[in-house]
Amino acid sequence: MTYRAPINDMLLALNHGAGLQAAVKAGHYGEFDGDITAAVLEEAGRFASDVLAPLNRVGDEHGIKLDGGNVTTAPGWPDAYRRWTEAGWNAVSGPEAFGGQGLPLAINAACTEIWSAANIAFGLCPLLTLSAIEALEAHGSDELKRIYLEKLVSGEWPGTMQLTEPQAGSDVGALRTRAERVSDGTYRIKGTKIFITYGDHDMSDNIVHFVLARLPDAPPGTRGISLFLVPKFLVNPDGSLGGRNDIYASGIEHKLGMHAAPTCTMTMGDKGGAVGYLIGEENRGMHCMFTMMNQARLGVGLEGVGIADRAYQQALAFAQERRQGRAVGKTGDGSDPIIVHPDVKRMLMQMRALTAAARTICYATAVALDVSVRAQDGGTRALAAARGALLTPIAKAFSTDIGNEVASLGVQIHGGMGFIEETGAAQHYRDARITPIYEGTNGIQSIDLVTRKLAANGGESVFTLLDELSDIVKQVESSNDPAFGTTGIKLRDALACLDRTSRWLLERVTSAPNEALAGATPYLRLFGSTLGGCMLANEALAARGFSEGEAQRYVTLARFFAENISVQASALERTVIDAAAAVNGADAVLLG
Ligand SMILES: Cc1cc2nc3c(=O)[nH]c(=O)nc-3n(C[C@H](O)[C@H](O)[C@H](O)COP(=O)(O)OP(=O)(O)OC[C@H]3O[C@@H](n4cnc5c(N)ncnc54)[C@H](O)[C@@H]3O)c2cc1C
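For what it's worth, the working numbering labels the leading residue of the sequence shown as 44, then goes sequentially.
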């Protein structure tokens, strides 16, 4: 079954739930007036359905091959990548000065969802290139920008991000790859990186690697890391390709999912050292990485949304075709499609509601990141930056967690056929599994949320957001629309739980850090399911201007979320608080 981008849902989420329209009205987007949003998404949806989705299965079955340091991708993939760059999809939000279209990140976020839904392994390549563009644009020298930025923006030369080493995963500061200064101002890089996505492939003439390494006299830990641009092929001053650089794929991984996306071991230095060019200042590599982390983490969150939506669409279609049993109250011969059964309806609603909430959280993050750089007024930019920073770990972890849950429900709805590869439901489940792991595990995101984002300004960013969400709940309550059921009450309760839990954690972040860390993951879930519930309610309020059927659809979805998902807030509050006790006693159980 192919994929169709849910344009109406996406537009509602973007314009109303995520606040794009309000930000445009407030003048934060300059000349961009939002008129072309729908057309861009429709065109992206067409490209995804026609070009990318048909290659999803091919890539999964064929995988990739490594031969003599060269990786080849599945049949049709290099051609699809060429069409992708020629159509300009890589350059949607790229800087105009370097050939990009300069459209908001929020528009690109919606496109990223579309690519991920159609073919998550393909979409991963440009996702990393975008991060590379951001790092180079913010920190690169004019000369490096002149040579590389246009090619990265167009996608002609995709980028990679190389942090991980065998002993340095979540703990990036433990990396050992060495960089030595050379008299001509360049560096020679020697070392081995593992798990490098699209580290080598045959979809482009060149690849621009962004490598973290350590100078001989660097201080230990994250304070001694520098960022280098290391091209696969050296580039002559006139832009033409020169000799092969000393960076090779020496191995590829055999993985649970994402079979079509190469995951490479990269070896540098077998022939004297890879030529590297410093980005930013020596020993300030982590600073450069932080610039692009928000966007990369948001991108992975959008992978969660995309895969969830794909799994949902497929499960919905299957549930309308597969016949088993009779609807309650029906008699006689024959059988009904399984969608008539309340438990199947519940699973489908759960899938759809979780996907919609994660979508809006991700889009709202993108709008905040946009406003943080586009708004005229410094105060507005600072507030938006704080909002973007707060939402980023939630967008990444909540969306990828629900991506897994939704893909699992997709398998469940297929029954036994879900476990058989033929239907494709199993592939979504396998592909989704990496998303809570890479780009900072979801455990690390939760720690970031509690120790940095909540703790910033004594919790001000969190409490300001809670006030805004409370206003939405007031509007639901004052709407007096019986179709909302107990949405207002359930969301108000959830907000109270989130408020209390935030204060409880704030008190412990410094005084009892182990207690705060033990509750970080359930806190992030509490945050996501309360925020998502309020955002869907806000969309339902905005949809009241639509046709009766449409309006009804969004109110029912918001109500389902509030009454079935946000309602878990009080249990999550208890879990955060009691996690400390559970963790304190854990050693006796685990190691006793
Ligand atoms: C398919 C794939 C593609 C990848 N692509 C790239 C890439 O392109 N570039 C790149 O550089 N890397 C890439 N990675 C690496 C990825 O980012 C790491 O696997 C990830 O950051 C986790 O590191 P790790 O595997 O060493 O796990 P570990 O850091 O060993 O973590 C293991 C477990 O311990 C937990 N943990 C670790 N430290 C803490 C802590 N301080 N507090 C609480 N819990 C903790 C983690 O949450 C996790 O549950 C990729 C990995 C895979 C599998």
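From the three backbone atoms N, C-alpha and C, an ideal C-beta is built for every residue, glycine too. Predicted model, so just to flag it, every value in this text is computed and none were measured.
- Between H59 and T423, the CB-CB gap reaches or exceeds 8 Å.
- Closest by C-alpha distance to L541, out of Q518, R568, F527, N557, is R568.
- In this structure, the C-beta of I295 stays at least 7 Å away from each heavy atom of ligand 1.
- For I232, the shortest separation between its Cβ and any heavy atom of ligand 1 does not lie below 7 Å.
- The C-alpha of T494 is placed about 18 Å away from the C-alpha of V626.
- Residue side-chain check: M301 places its Cβ nearer than 7 Å to a non-hydrogen atom of ligand 1.
- Non-local C-beta neighbours of A317 in its own chain, meaning closer than 6 Å and more than five positions away in sequence, comprise I232, V273, N288, D289, I290, M311, ordered along the chain.
- For the set G372, K496, L359, P525, the Cα lying nearest the Cα of V454 is the one of L359.
- Inter-segment contact for the segment 142-154 and the segment 107-122 is absent: fewer than three beta-carbon pairs are separated by less than 8 Å.
- Considered as a whole, the segment 249-273 harbours 251-256 as its complete beta strand (DSSP E) runs of no fewer than 3 residues, in chain order.
- Taking 7 Å as the cut-off, the C-beta of I487 counts as close to a heavy atom of ligand 1.
- Distances from the alpha-carbon of E104 to those of Q64, H302, V552 put H302 closest.
- Of the heavy atoms belonging to ligand 1, none sits nearer than 7 Å to the Cβ of F333.
- Note: V318 is bridge-paired with R231 in the DSSP secondary-structure output.
- Between ligand 1 and F238, a heavy atom-to-CB distance of less than 7 Å is present.
- For S283, the secondary structure class from DSSP, reduced to helix, strand or coil, is coil.
- Taking C-alpha positions only, A354 is separated from A468 by approximately 6 Å.
- Taking C-beta separations shorter than 8 Å and ignoring five residues to either side along the sequence, the partners of F462 in its chain run V454, A469, following chain order.
- With distances taken between CA atoms, E199 lies nearest to A134 out of M309, V215, A134, E139.
- Not one heavy atom of ligand 1 sits closer than 7 Å to the Cβ of E346.
- Counting C-beta atoms within 10 angstroms of its own C-beta, H297 has fewer than 16 neighbours from the protein chains shown and is therefore classed as exposed.
- The straight-line gap separating the alpha-carbon atoms of I480 and L167 is approximately 14 Å.
- Judged by beta-carbon spacing, L187 lies within the 8 Å limit of Y320, meaning their Cβ atoms are closer than that value.
- With respect to the C-alpha of G483, the residue from I350, T115, M336, A612 having the closest C-alpha is M336.
- Counting along the chain, D413 sits inside the alpha helix (DSSP H) bounded by residues 385-417.
- According to the DSSP secondary-structure assignment, T306 is paired through a beta bridge with T240.
- The DSSP-derived three-state label of T530 is helix.
- Nearest in C-alpha terms to E364, of all of L345, V387, A351, is V387.
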